[in-house]
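Trainee: Residue numbers (our numbering), protein chains in the order written: chain A, 1147 to 1738; chain E, -15 to 344; chain X, 25 to 283. Even glycine gets a Cβ: it sits at the ideal position worked out from N, Cα and C.
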């Protein structure tokens, strides 16, 4: 092979001259071979929970494809027209061109309704997948250094995805989404000082005007997708650079990645998953109606439907809005609408900022500055898991609050009582969830520790002559034992003292003191993995039970139960009573 | 791979520093890494029959996908949309058929590709070493040095006049950027506080445009109404309000008319003559965020907004009795004109719809 | 004599279908009274005057003036007789046959003038032209969807009450509900929402209900809430199930590695 920079001969990939020539042509111009050689066989670890982000990624691709299709027919215009198309039930009705083009797509373009529905299902799936992916990353500690930036990018993707969905489903200018835009105008008006200006500038005057749909269209097909694509690109780049995290296990360390290569395995698996996600959304688009705009009718500011909700991902701020008390202050001729400003502007801002800062919050609490590439089981970070479940409970109660009228009709409940219930549960629920989840995780940790020290429950029940029952435990495999113990040992330092070693007053004592208190709360109850000494002691104790003793204690062999035993007068090991042995004349527990 | 010292258990200080040092104390504590388990072959790795069967299975999946792709094309042309869409078993045949065929065509490719990976591609686990995220110390120093060299060459540190004037110029560019958006919309002024309602304007039934006489209205009735001007034409025959101008005006002028037993009504002070024989007129626009309200409970006199469940008592001046709305529902004073039809006495006496900063 | 018979017979043959009020014969009213005393008087009073509780709330409202249309609606949809007290009468199994309902309606109509049962020409929607149907949709969205939802699937009211779904409701009963305003539903009098407009509304609802599901299963016609549930349960469920399959270990051979 030539070593000069102007390679005259092509590097030969096995078996394909044409491919080699094409590759050389490209490499002569962009020099990608160095990059390619590393990345083509890049190793990715295998676990189903690592594919949740892919659901989001592939649904985004589906959105781009189906969305482009829709733009070929959709008219982002609020000019009034009289409908004269195929859908008889709206014949002669005045509507905007945007709505008319949505009807045209649904009834006169073959495949148009399918693409509309696939697009909308994929949008719902996109945001749901991002949320599930976020939960997985948080629960397994995959956001820790060096991946905090990726978490920030991901949070931004979630926020922008939500906005993209809102602008998208508002485009057909139907009664349901138009009501949502009307509510959004109300939210803007509630912003202090600049509210009316924001509203008038966005709508080009009074609500509804004739600018909002075209402007939402620009945001939806140009501005937001552009930012989304850039952020997704950055997200993927960081993933490639950092490599994927992996679960601890035999052969897996913090310094390696164990798995399968990009080409061919992950190309097939991830590429196949793209087709599966696309196929699933297409099947949903064919079989389930979503957003039947022809039933809603065109937007009219004096019409509304019962059961007016935004799409699911806007549900939690809508729920917060519904349960919020009607606080408003009037001061010196000005109005402060706390009842709207707080749940719709302040709350999402606070929550989103908190989510964005979670990695940094955890780093502050734990003081951990190490790189982490091994994942943690949720039970091994009880406070973190409990925090997420508390956040999920908060989110979930507000989400359910936004469906309060449907809950009332379908479960025959009192609409007003549902609101009172939610007002209380939104505070009580997360606290309860935190407490229960943390105790649950700690119990699971205790279970793991028992498994390590005493082995697994074999299902063989022993009865002693005194009448006591006991279950035999057998040692777990080395691989499983290693997986259970391949985690950090968290040891808490003593609280910071007010004076340092030389007697000088520690000026940062208060901040450090708070940090120590939080850290203590975070870690104090966690069950630590056993030390080597403890393991050896437990092993010895088990061996003691397992090996043969001169005085005839019944035992199993050290390596574990391997089969039937000869009955030589040794006491029962349980097998004697399985109906296949003759136990007459047995002397059990000889010498006892 | 960085090395580290495993700290002695029990030595708190060493643990506190070393445990959060360069590498996590996972290796060998308390069980040593048994290493990657040996690869266990799959049936397709050892049995040529199984391998060929898997290959046929994958090929069948791809073949089926092609069949469905062709069925998509067939469905596209076989099933009609438009005025007489093909309907099968109560469903729109075109959408269902196109969706199912496309979905299966895609899904089967995916399933096939994954079966290929799972059954036929090598599943021997490969180990790749990571590199620390940070660059080497030397690289960092070099980068810092390069940055420092570049900055000192530019002279920006030594020449505050240049630096500050540049910052000023760039900051000033913010002004054109902001000002260029000024014409996005007109300034609010007092637009939000007035509607098209005027003294003597008739109340009409929405959609029909027919005016209303008190004797037409029964106890317990609800009428969704609009100002008569929405149904009037200009001298040239064009409607006075149409298109977005109509919607803009409707957003504030839509009303509801309800009739109750006069004895049930407790009018607020000064509004005793705002109704006609128990007929009251209120704004249809919720004071929360502006949804139209018309869930009228005739027996309880409560009006419920479907958006966020604000509830108003129309027998009591439109007061908020439940929900997040903070202001009572604005009332339109009405009277009867010379021909016996219900008309407005004036515009609303307060701004209609959601609250805003300057509302007062 | 012959002329009288012929005229009378011709009149009987060719006169339009009678509305019940004031025209029902005495035997029907009497029959209705008998039925009323057995099944309705315990709440509504022996003469339909209503019964008040000690605290002054209603046990059963007075029925003078509610008209035959109210009775035909309430009894014809099974709401009356009430199965149990509560905030709202529920639609349930109809307990009286059509003749009995006619008799009850005639009796209540005889108590005082009130809205009469609509004639078939008023509520029959066959042959309504599409322009009228579309206009009916406009009336529907302005007056009705706020309670009953865009597809007549029903909606919530305060305090445990609800606007019911209109699925399976006959055009006659829809007309009567608009006319009489049962329980919390407002009245839409014929002078404001004309009979032809009511018929257009009914025609629209019936067409909407019988329209094919163009996009597949309608998921209950309840809007984004059920759509979100489907996206999570079906969409995410299916994709996660596939992910679990994709990353699972495939079956291992019992034969062991061949050379």
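Between residue 343 of chain E and chain X, is any beta-carbon pair separated by less than 8 Å?
Mentor: Closer than 8 Å: no.
Trainee: So which of X:249, X:223, X:214 and X:204 has the shortest CA-CA distance to residue 88 of chain X?
Mentor: Minimum Cα distance to residue 88 of chain X is reached at X:204.
Trainee: When Cβ atoms are compared, which residues of the segment 187 to 211 of chain E fall closer than 9 Å to chain X?
Mentor: Those would be 189, 190, 191, 192, 194, 196, 197, 199, 200, 201, 202, 203, 204, 205, 206, 207 and 208, in chain order.
Trainee: With a Cβ-Cβ cutoff of 8 Å, do residue 335 of chain E and residue 176 of chain E count as a contact?
Mentor: Going by C-beta atoms, residue 335 of chain E is nearer than 8 Å to residue 176 of chain E.
Trainee: At a CB distance below 8 Å, what residues from the segment 1270 to 1282 of chain A approach chain X? Give them in sequence order.
Mentor: Against chain X - using a Cβ distance shorter than 8 Å - the residues of the segment 1270 to 1282 of chain A are 1270, 1271, 1274, 1275 and 1278.
Trainee: Since residue 85 of chain E contacts residue 59 of chain E with CB under 8 Å, what's their CB separation in whole angstroms?
Mentor: Indeed, because the Cβ distance is near 6 Å, the residues count as touching under 8 Å.
Trainee: Tell me, which residues are paired with residue 1241 of chain A by DSSP?
Mentor: Looking at the DSSP assignment, residue 1241 of chain A forms a beta bridge with A:1227.
Trainee: What does the alpha-carbon distance come out to for the pair residue 55 of chain X and residue 131 of chain X?
Mentor: Between residue 55 of chain X and residue 131 of chain X, the C-alpha separation is close to 8 Å.
Trainee: Express the C-alpha separation of residue 1493 of chain A and residue 1668 of chain A in angstroms, rounding to a whole number.
Mentor: Distance between the alpha carbons of residue 1668 of chain A and residue 1493 of chain A: 25 Å.
Trainee: Distance cutoff 8 Å, beta carbons only. Does residue 45 of chain X sit that close to anything in chain E?
Mentor: Residue placement at residue 45 of chain X cannot be trusted, given a pLDDT of 46 that sits under 50; what the coordinates show is reported in the next sentence. It does not; no Cβ of chain E falls within 8 Å.
Trainee: Closer than 7 Å, Cβ to Cβ, to anything on chain X: give me those residues from the segment 1527 to 1551 of chain A, in chain order.
Mentor: The segment 1527 to 1551 of chain A vs chain X, Cβ under 7 Å: 1549 and 1551.
Trainee: Along the chain, where does the beta strand (DSSP E) containing residue 1476 of chain A start, and where does it finish?
Mentor: It spans 1475 to 1477 - the beta strand (DSSP E) in which residue 1476 of chain A sits, taken as one unbroken run.
Trainee: May I ask you to list, following chain order, the residues of the segment 261 to 279 of chain E that have a beta carbon less than 8 Å from some beta carbon of chain X?
Mentor: Going along the segment 261 to 279 of chain E in chain order, one finds 276, 277, 278 and 279 with a Cβ nearer than 8 Å to chain X.
Trainee: Give the secondary structure of residue 197 of chain X by DSSP, where H, G and I count as helix, E and B as strand, and everything else as coil.
Mentor: Reduced to three states, the DSSP call for residue 197 of chain X is helix.
Trainee: Apart from the five residues just before and just after residue 268 of chain X, which ones in its own chain have a Cβ nearer than 6 Å to its Cβ?
Mentor: Result list for residue 268 of chain X: empty, nothing under 6 Å.
Trainee: Comparing the C-beta of residue 60 of chain X with each C-beta of chain A, is any distance below 8 Å?
Mentor: No, residue 60 of chain X does not count as interfacial toward chain A.
Trainee: Check residue 111 of chain E in the structure and name its three-state DSSP category.
Mentor: In the structure shown, residue 111 of chain E sits in a strand (DSSP, three-state: E or B).
Trainee: For residue 273 of chain X, count neighbouring Cβ atoms within 10 angstroms of its own Cβ and tell me buried if that reaches 16, exposed if not.
Mentor: Counting Cβ neighbours within 10 Å, residue 273 of chain X comes out exposed, since fewer than 16 surround it.
Trainee: Can residue 1388 of chain A and residue 1505 of chain A be called in contact, C-beta distance under 8 Å?
Mentor: Not a contact, by the Cβ cut-off of 8 Å.
Trainee: For residue 306 of chain E, would you say it is in contact with chain X, using Cβ-to-Cβ distances shorter than 8 Å as the test?
Mentor: So, interface residue.
Trainee: In chain order, what residues of the same chain lie with their CB nearer than 6 Å to the CB of residue 108 of chain E, ignoring the 5 residues before and after it?
Mentor: Result list for residue 108 of chain E: 23, in chain order.
Trainee: Output the boundary residues of the alpha helix (DSSP H) element that contains residue 49 of chain E.
Mentor: Start and end: 32 to 62.
Trainee: Within the continuous alpha helix (DSSP H) that includes residue 1567 of chain A, where are the two ends?
Mentor: Counting along the chain, the alpha helix (DSSP H) containing residue 1567 of chain A begins and ends at 1561 to 1600.
Trainee: Report yes or no: is there a C-beta of chain X within less than 8 Å of the C-beta of residue 80 of chain E?
Mentor: Interface residue, yes.
Trainee: Skipping 5 residues on each side, what residues in its chain have a beta carbon closer than 6 Å to that of residue 1703 of chain A?
Mentor: Per-residue confidence for residue 1703 of chain A stands at a pLDDT of 41, beneath the threshold of 50, marking its modelled position as unreliable; no derived number is given.
Trainee: What residues are listed by DSSP as bridge partners for residue 1395 of chain A?
Mentor: Per DSSP, A:1398.
Trainee: Quick one: what's got a C-beta closer than 7 Å to residue 99 of chain X's C-beta in the same chain, skipping five residues either side?
Mentor: So the list reads 120, 125 and 128, once near-sequence residues are dropped.
Trainee: From the DSSP output, read off the bridge partner residues of residue 82 of chain X.
Mentor: Answer is X:76.
Trainee: Should residue 276 of chain X go down as buried or exposed, given a rule of 16 or more other Cβ atoms within 10 Å for buried?
Mentor: Exposed, by the Cβ-count rule.
Trainee: Quick check on this structure: which residue in A:1197, A:1312, A:1276 and A:1326 has the alpha carbon closest to the alpha carbon of residue 1302 of chain A?
Mentor: Out of A:1197, A:1312, A:1276 and A:1326, A:1276 has the C-alpha closest to the C-alpha of residue 1302 of chain A.
Trainee: Using DSSP with H/G/I as helix, E/B as strand and the rest coil, what is residue 280 of chain E?
Mentor: Strand.
Trainee: From residue 1655 of chain A to residue 1661 of chain A, what does the alpha carbon distance come to, in whole angstroms?
Mentor: If you take the alpha carbons of residue 1655 of chain A and residue 1661 of chain A, they lie about 10 Å apart.
Trainee: I'd like the list of long-range same chain contacts for residue 236 of chain E, defined as Cβ closer than 7 Å, with 5 residues on each side in sequence excluded.
Mentor: Only 179, 269, 336 and 337 meet the Cβ criterion.
Trainee: Hey, does residue 202 of chain X have any beta-carbon neighbour from chain A nearer than 8 Å?
Mentor: So no, residue 202 of chain X is outside the interface.
Trainee: Per DSSP, what are the beta-bridge partners of residue 265 of chain E in this structure?
Mentor: BP columns for residue 265 of chain E point to E:241.
Trainee: Can you confirm whether residue 318 of chain E, when its beta carbon is compared against all beta carbons of chain X, has any partner nearer than 8 Å?
Mentor: No - not a single Cβ of chain X is within 8 Å of the one on residue 318 of chain E.
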